[in-house]
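K.L.:
The structure is reproduced here in structure tokens:
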């Protein structure tokens with residue numbers, strides 16, 4: 129009876145995770161081992177072609193030549209995702225700290241402001257950045273009117289604009305988890321640190337940061353994973369000149385009509401992210417173990 | 008303390024009459040609080056005067072207690088001394104330094120917080136070492152000082168544990184060790200024992216007293232527990248509504264309360280209206296329950312002051328507490344040893360006390 133009730137209670141969570149996450153992931157995994165249909169979709173004969181294509185190029189004589197171009201795309205995507213995460217952390221931490229230090233009413237207002245962009249579609253918000261950054265855009269016109277520049281600055285269609293778009297989109301995902309950990313820090317701990325002769329810098333380094341780290345890690349995960357797979361900002365703000373993994377995958381399902389390859393790329397990225405997460409979790413677990421041994 | 012004080016210490020407009028000891032500052036004054044007040048500005052309402060003008064001189068090596076009910080300003084005064092708050096008016100000197108402009112990290116003062124405020128991510132040794140590291144002690148000296156301090160609070164062998172793995176009493180000891188390690192001139196204790204159960208609290212009271220005597224550091228304790236204050240302090244300042252009502256040694260305050268509030272707050276006290284005793288109705292007479300003699304009415308009652316009837320008997324172990332109803336529906340509490348004649352509820356009794364046992368209070 130008790131068991132049945134428990135099953136009933138966890139059923140919605142299991143269904144949601146199963147239907148919306150696990151099943152699609154396994155479909156993608158299955159597709160990655162099938163043959164591409166040139167008209168879109170997949171054909172039944174199983175093959176490793178998609179994974180072979182990831183590392184090798186098939187020459188005219190059907191021999192395989194190692195080609196790292198897809199690896200480079202992944203590395204570049206990882207580099208941009210890491211940079212996005214780092215910038216979000218550097219910007220998000222002071223913002224979260226600032227909000228925590230405000231009065232109750234102001235905190236609620238500021239949190240609302242942080243979540244405000246979610247009410248507007250990401251696509252529209254990204255287009256707005258084009259209007260701001262392009263040669264005849266708001267930024268360049270303003271600078272020209274101020275007489276600071278004669279020629280428009282190349283603000284759009286480079287790594288900088290991609291980063292700007294990614295940081296803009298994912299910054300709230302960094303601020304909110306950090307805020308929630310900072311909010312739980314007992315203000316007496318900070319007073320105690322000051323009382324024990326800590327400078328402002330030392331209070332941050334020795335007390336605030338170690339306690340905020342779990343939030344920062346959660347935020348880093350929430351920013352890193354979606355920015356790695358993001359294709360909106362790279363496409364629109366990067367001009368699609370240099371491919372990123374998200375755009376590459378997206379292309380396989382649309383213009384290139386190579387579903388197995390797109391599925392294989394998704395699988396590779398997913399597995400890579402999972403490995404990093406597992407490694408991190410194990411490290412945390414090991415640190416806890418060490419703490420427990422010290423207790424004994 | 009080379010500067011002459013314009014007024015005796017402990018004197019501010021409303022405390023001058025009641026200040027227990029109005030003596031000139033001795034060179035051994037450690038903390039000199041002069042005409043300090045603190046108001047908090049609350050948005051949309053009038054400012055809260057947490058501390059009206061108070062002055063107090065706390066001596067070197069003294070165990071000084073700020074005693075009062077919640078909201079009396081005792082914690083505010085402690086936080087002003089620690090530097091967590093800035094006084095609205097007045098001056099605070101610690102040793103020879105005017106600390107008004109100094110932030111907490113520059114004051115030779117350490118605090119034991121009510122909630123202990125141990126750093127949860129650091130183990131016991133790291134917590135205790137924190138202040139020493141911030142003062143940039145050499146590593147070897149830190150290690151030996153940490154070991155020494157942990158021994159002082161009897162926590163050897165707990166160095167590697169996290170605060171969360173300790174009991175409340177042990178956490179309390181870590182907080183003490185952490186605050187004592189940097190050898191401060193003054194240790195501030197904000198209701199340090201309030202989270203402990205009764206038995207542990209008694210034990211820690213002795214422990215604190217021992218530590219204070221061993222280290223010779225000036226302790227300033229904040230508490231609402233009058234028993235704790237009486238048991239541990241060299242001197243007590245009784246506070247209420249942001250004012251210091253009386254400063255004095257525990258025995259002086261107990262025997263010579265300056266007003267009704269102090270008499271009632273410290274220990275048990277009978278507050279008998281003057282008219283019940285045939286005196287000036289504006290007066291209140293206070294007598295401690297254990298100072299009242301009780302005998303059967305009519306038997307040698309010639310010297311008795313008042314007569315009444317026992318309305319309640321409460322056996323307390325060593326003592327028995329009798330409640331005696333006298334004229335005018337006034338109840339007088341009398342505490343007697345049970346071994347004496349056992350009075351019953353309803354017995355008429357005569358009450359008496361020596362003239363030295365009572366105080367006439369006008370406020």
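Residue numbers (the numbering used here), protein chains in the order written: chain A, 129 to 424; chain B, 8 to 370. Glycine residues also receive a C-beta, built at the ideal position from the N, C-alpha and C atoms. Predicted model only: the values in this text are computed from it and were never measured.
Check the Cβ-Cβ distances between residue 128/B and every residue of chain A, and say whether any is below 8 angstroms.
P.N.:
It does; some Cβ of chain A falls within 8 angstroms.
K.L.:
Considering only C-alpha positions, which residue in the set 56/B, 343/B, 331/B and 122/B is nearest to residue 323/B?
P.N.:
Residue 343/B is the option with its Cα nearest to residue 323/B.
K.L.:
Identify each residue in the stretch 131-160 of chain B for which the Cβ-Cβ distance to at least one residue of chain A is less than 7 angstroms, and report them in chain order.
P.N.:
Answer in chain order: 137, 138, 141 and 142.
K.L.:
What's the call for residue 241/A, buried or exposed, on a 16-neighbour Cβ count within 10 Å?
P.N.:
Residue 241/A is exposed by the Cβ-count criterion.
K.L.:
DSSP on residue 385/A, reduced to helix/strand/coil?
P.N.:
Residue 385/A: coil per DSSP, three-state reduction.
K.L.:
Please name the residues in the stretch 310-322 of chain A whose beta-carbon is closer than 8 angstroms to at least one beta-carbon of chain B, in chain order.
P.N.:
So the close ones are 314, 316, 317, 319, 320, 321 and 322.
K.L.:
Below 8 angstroms on C-beta distance, what does residue 212/A contact in chain B?
P.N.:
The contacting residues do not exist; residue 212/A stays about 28 angstroms from chain B at best.
K.L.:
Restricting to runs no shorter than 3 residues, where is the beta strand (DSSP E) found entirely within the stretch 160-214 of chain B?
P.N.:
Whole beta strand (DSSP E) segments, 3+ residues: 193-197.
K.L.:
DSSP on residue 59/B, reduced to helix/strand/coil?
P.N.:
Residue state, collapsed to three classes: strand.
K.L.:
Check distances from the C-beta atoms of the stretch 134-160 of chain A to those of chain B and list, in chain order, the residues that come in under 7 angstroms.
P.N.:
Answer in chain order: no residues at all.
K.L.:
Looking at the structure shown, is residue 82/B part of a helix, part of a strand, or coil, going by DSSP?
P.N.:
Note: residue 82/B maps to helix in three-state DSSP.
K.L.:
Please decide whether residue 29/B counts as near chain A, where near means a Cβ-Cβ distance under 8 angstroms.
P.N.:
Residue placement at residue 29/B cannot be trusted, given a pLDDT of 47 that sits under 50; the coordinates are not used to answer.
K.L.:
Hey, quick one: how far does the alpha helix (DSSP H) through residue 296/A stretch, first residue to last?
P.N.:
That run of the alpha helix (DSSP H) goes 287-311.
K.L.:
Rank 257/A, 386/A, 398/A and 133/A by C-alpha distance to the C-alpha of residue 362/A and give the top, closest one.
P.N.:
Residue 257/A is the option with its Cα nearest to residue 362/A.
K.L.:
Determine the extent of the alpha helix (DSSP H) in which residue 257/A is found, giving its start and end residues.
P.N.:
250-261 is the extent of the alpha helix (DSSP H) around residue 257/A.
K.L.:
Locate the alpha helix (DSSP H) running through residue 141/B, then write down its first and last residues.
P.N.:
Looking at the DSSP string, the run of the alpha helix (DSSP H) that includes residue 141/B is 131-141.
K.L.:
Could you tell me if residue 138/A is buried or exposed, where buried requires 16 or more neighbouring beta carbons within 10 angstroms of its beta carbon?
P.N.:
Exposed, since its Cβ has fewer than 16 Cβ neighbours within 10 Å.
K.L.:
Just to confirm, is the Cβ distance from residue 180/B to residue 160/B under 8 angstroms?
P.N.:
Yes.
K.L.:
Between residue 189/B and chain A, is the shortest Cβ-Cβ distance under 8 angstroms, so that the two count as touching?
P.N.:
Cβ-Cβ to chain A under 8 angstroms: yes for residue 189/B.
K.L.:
To the nearest angstrom, how far is it from the Cα of residue 46/B to the Cα of residue 88/B?
P.N.:
Taking the straight line joining both Cα atoms gives about 15 angstroms.
K.L.:
Tell me, to the nearest whole angstrom, how far the beta carbon of residue 162/B is from that of residue 184/B; I am working on the premise that it is less than 8 angstroms.
P.N.:
Right, the Cβ-Cβ distance comes to about 7 angstroms (below 8 angstroms), so this counts as a contact.
K.L.:
Could you check the C-alpha separation between residue 410/A and residue 404/A for me, to the nearest Å?
P.N.:
Computed Cα separation, rounded: 10 angstroms.
K.L.:
Between which two residues does the beta strand (DSSP E) holding residue 185/A run?
P.N.:
184-186 is the extent of the beta strand (DSSP E) around residue 185/A.
K.L.:
Taking buried to mean at least 16 other C-beta atoms within 10 Å of its own C-beta, is residue 285/B buried or exposed?
P.N.:
Answer is exposed; the Cβ neighbour count stays below 16.
K.L.:
With 9 angstroms as the limit, tell me which residues of the stretch 107-124 of chain B have their beta carbon closer than that to any beta carbon of chain A; keep them in chain order.
P.N.:
Against chain A - using a Cβ distance shorter than 9 angstroms - the residues of the stretch 107-124 of chain B are 110, 111, 112, 113, 114, 116, 117, 118, 120, 121, 122, 123 and 124.
K.L.:
Return the first residue and the last residue of the alpha helix (DSSP H) that residue 207/A is part of.
P.N.:
Start and end: 197-228.
K.L.:
Comparing C-alpha positions only, which one of 250/B, 341/B, 361/B and 325/B sits nearest to residue 275/B?
P.N.:
Among 250/B, 341/B, 361/B and 325/B, the Cα nearest to that of residue 275/B is on 341/B.
K.L.:
Just checking: is the beta-carbon of residue 325/A within a distance shorter than 8 angstroms of some beta-carbon in chain B?
P.N.:
Cβ-Cβ to chain B under 8 angstroms: yes for residue 325/A.
K.L.:
Please determine, among 334/B, 361/B, 368/B and 362/B, the residue with the shortest C-alpha to C-alpha distance to residue 355/B.
P.N.:
Closest by alpha carbon: 334/B.
K.L.:
For residue 339/A, return the contacting residues in chain B, with the cut-off set at a CB-CB distance below 9 angstroms.
P.N.:
Correct list: 126, 127 and 128.
K.L.:
Check whether the Cβ atoms of residue 121/B and residue 199/B lie closer than 8 angstroms to each other.
P.N.:
Going by C-beta atoms, residue 121/B is nearer than 8 angstroms to residue 199/B.
K.L.:
So, do the stretch 266-276 of chain A and the stretch 192-210 of chain A have three or more beta carbon pairs nearer to each other than 8 angstroms?
P.N.:
As far as the Cβ criterion goes, the stretch 266-276 of chain A does not touch the stretch 192-210 of chain A, which means the pair count is below three.
K.L.:
Taking only beta-carbon positions, decide if residue 91/B is within less than 8 angstroms of chain A.
P.N.:
Chain A, which has a Cβ nearer than 8 angstroms to the Cβ of residue 91/B, makes this yes.
K.L.:
Grouping DSSP H, G and I as helix and E and B as strand, with all else coil, what is residue 323/A?
P.N.:
Helix, per DSSP.
K.L.:
Rounding to the nearest angstrom, what Cα-Cα distance links residue 317/A and residue 301/A in this structure?
P.N.:
Approximately 26 angstroms between the Cα atoms of the pair.
K.L.:
Among residues of its own chain, excluding the 5 on either side of residue 159/A, which ones have a beta-carbon nearer than 6 angstroms to its beta-carbon?
P.N.:
Taken in chain order, the residues that qualify are 170, 387, 388 and 391.
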